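In terms of this note's numbering, the sequence shown is residues 69 to 406. Note that CB positions come from ideal geometry on N, CA and C, so glycine has one too. None of these values were measured; they are calculated from a predicted model. Report on the structure given below.
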Amino acid sequence: MPIDINVLAGHAPATRPAPVTPICQLSVIVPIFNEEAVIAQFHARLIQVLASCPGVHEIIYVDDGSTDSSRQVLEGLRQACPQVGVARLSRNFGKERAMTAGLEMARGEAVIILDVDLQDPPELIPRMLDAWRTGADVVNMRRTGRDGETMIKKATAHFFYRIINRLSDVSIPSDVGDFRLFSRRAVDALNRLPESNRFMKGLFAWIGFSQVTLEYHRQARAAGDSKWPYWKLWNFALEGVTSFSTVPLRIASYIGFASAFGAFVYALYFLVKTYIWGDPVKGFPTLIEFVLLLGGLQLMAIGIMGEYVGRMYLESKRRPVYLLDAYQPALLAADPSA
Ligand code: UDP
Ligand code: MG
Numbered sequence: 069m070p071i072d073i074n075v076l077a078g079h080a081p082a083t084r085p086a087p088v089t090p091i092c093q094l095s096v097i098v099p100i101f102n103e104e105a106v107i108a109q110f111h112a113r114l115i116q117v118l119a120s121c122p123g124v125h126e127i128i129y130v131d132d133g134s135t136d137s138s139r140q141v142l143e144g145l146r147q148a149c150p151q152v153g154v155a156r157l158s159r160n161f162g163k164e165r166a167m168t169a170g171l172e173m174a175r176g177e178a179v180i181i182l183d184v185d186l187q188d189p190p191e192l193i194p195r196m197l198d199a200w201r202t203g204a205d206v207v208n209m210r211r212t213g214r215d216g217e218t219m220i221k222k223a224t225a226h227f228f229y230r231i232i233n234r235l236s237d238v239s240i241p242s243d244v245g246d247f248r249l250f251s252r253r254a255v256d257a258l259n260r261l262p263e264s265n266r267f268m269k270g271l272f273a274w275i276g277f278s279q280v281t282l283e284y285h286r287q288a289r290a291a292g293d294s295k296w297p298y299w300k301l302w303n304f305a306l307e308g309v310t311s312f313s314t315v316p317l318r319i320a321s322y323i324g325f326a327s328a329f330g331a332f333v334y335a336l337y338f339l340v341k342t343y344i345w346g347d348p349v350k351g352f353p354t355l356i357e358f359v360l361l362l363g364g365l366q367l368m369a370i371g372i373m374g375e376y377v378g379r380m381y382l383e384s385k386r387r388p389v390y391l392l393d394a395y396q397p398a399l400l401a402a403d404p405s406a
């Protein structure tokens with residue numbers, strides 16, 4: 069069957085998808101990048117949980133350009149289980165964009181995002197649905213503890229949430245990852261946001277609506293390795309800060325202003341000193357010190373501005389957020405196209 073490229077491309081920012089009329093109760097979105105070791109185990113647990121929830125459900129596995137056998141495993145699940153849909157992105161776009169793809173495809177009244185590594189237990193889904201039924205538009209899942217993660221990872225995550233909260237204008241809940249439930253109108257709102265730099269934790273907070281937070285204990289990964297090396301995490305943090313705050317730009321100007329003022333005062337002091345006592349030692353060290361200090365401050369300010377200019381450059385290209393290689397939706401009884 070020939071494939072319509074407009075269906076396969078992630079929507080360009082100018083043409084974000086129109087609101088969806090839901091045809092099932094719940095969509096579970098699962099981003100996947102090289103997770104062959106854990107998918108089958110995850111699916112078995114998820115299916116068991118969903119069986120105990122009333123209504124029709126769909127599971128959307130978003131294969132974020134996996135290069136191991138995840139693709140074959142997912143295809144097997146899809147054939148065995150009509151409620152499974154598989155979207156394959158054309159390459160690895162990163163978890164944020166994989167989630168964006170899933171949110172655009174979801175057709176449920178409520179949508180849950182779940183990691184495949186079983187760190188976020190699917191058994192919590194009924195509790196999340198209860199919170200949604202009592203009127204919440206966003207159910208945030210806060211981790212009260214984390215098993216199987218290094219001290220460094222825990223500490224950096226802790227500081228990341230504290231810093232970004234200090235800096236950004238919207239309050240981003242601490243220790244809440246991407247494991248959340250969204251109501252249909254929250255998903256429609258997220259899908260309307262045009263930016264291609266998608267720092268999802270920021271966007272999730274930005275949309276507002278009534279948000280409730282439940283607590284849970286984060287498990288260790290069931291199998292496989294984390295896909296977030298520290299370098300990637302650092303870049304992610306930088307992305308988060310620059311897409312949700314212009315405070316760093318302001319800090320740069322304050323530091324620049326303070327150092328210029330300091331230099332002025334110091335110059336006055338020098339003038340007076342030279343006038344009264346003369347200048348027996350030629351001020352070579354001071355000179356070097358100042359050149360270095362001011363040079364450093366200027367570079368810092370330019371660097372911060374560069375981060376923002378770079379982001380504007382990327383946004384201005386208005387590229388689609390992701391590209392699809394193929395999408396086979398779940399076969400739901402209520403689906404007119406099924
Ligand atoms: N993931 C993805 N694309 C990526 C990296 C990760 O879709 O480029 C998925 C991954 O398969 C998993 C989820 O995102 O389902 C969380 O990844 P991971 O467990 O590696 O992150 P951590 O829990 O260590 O923060
Ligand atoms: Mg994980």
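Nearest to residue 249 by C-alpha distance, out of 262, 303, 180, is 180.
Taking 7 Å as the cut-off, the Cβ atoms of residue 125 and residue 114 do not count as close. Going by C-alpha positions, residue 210 is about 19 Å away from residue 201.
With a beta-carbon spacing of about 6 Å, residue 389 and residue 266 fall inside the 8 Å limit used to define contacts. Residue 310 and residue 379 do touch by the CB rule: their CB atoms are close to 6 Å apart, below 8 Å.
Sorting 134, 361, 174 by C-alpha distance to the C-alpha of residue 160 places 134 at the top.
The Cβ neighbour count for residue 107, taken over all protein chains shown within 10 Å, is at least 16; the residue is labelled buried. The secondary-structure analysis by DSSP pairs residue 92 across a beta bridge with 176. A distance below 7 Å separates the beta carbons of residue 398 and residue 152. CA-CA distance, residue 193 to residue 230, rounds to 27 Å. When DSSP states are grouped into helix, strand and coil, residue 122 belongs to the coil group. Check the Cα spacing between residue 189 and each of 386, 110, 383: the tightest is with 110. Residue 150 is classed as exposed because its beta carbon has fewer than 16 other beta carbons within 10 Å across all chains shown. A residue is called buried once 16 or more other Cβ atoms fall within 10 Å of its Cβ, and residue 173 is buried on that count.
Counting along the chain, residue 213 sits inside the beta strand (DSSP E) bounded by residues 206-214.
The beta carbons of residue 207 and residue 196 sit closer together than 7 Å. Taking C-beta atoms under 8 Å as the contact rule, residue 131 and residue 155 qualify, at a distance of about 7 Å.
For residue 307, the uninterrupted alpha helix (DSSP H) run begins and ends at 298-312, by DSSP. Contact between residue 275 and residue 254 holds: their C-beta atoms lie close to 6 Å from each other, under 8 Å.
For residue 248, the pairing in a beta bridge is given by DSSP as 181, 208. Exposure of residue 386 is indicated by the presence of fewer than 16 other C-beta atoms within 10 angstroms of its C-beta. Residues close to the ligand MG by the beta carbon criterion (under 7 Å to any non-hydrogen atom) are, from first to last along the chain, 183, 185, 187, 289, 294.
With 16 or more other Cβ atoms from the protein chains shown falling within 10 Å of its own Cβ, residue 185 counts as buried. Set against 6 Å, the gap from the CB of residue 215 to the closest heavy atom of the ligand UDP is not smaller. In the three-state reduction of the DSSP assignment, residue 128 falls in the strand class.
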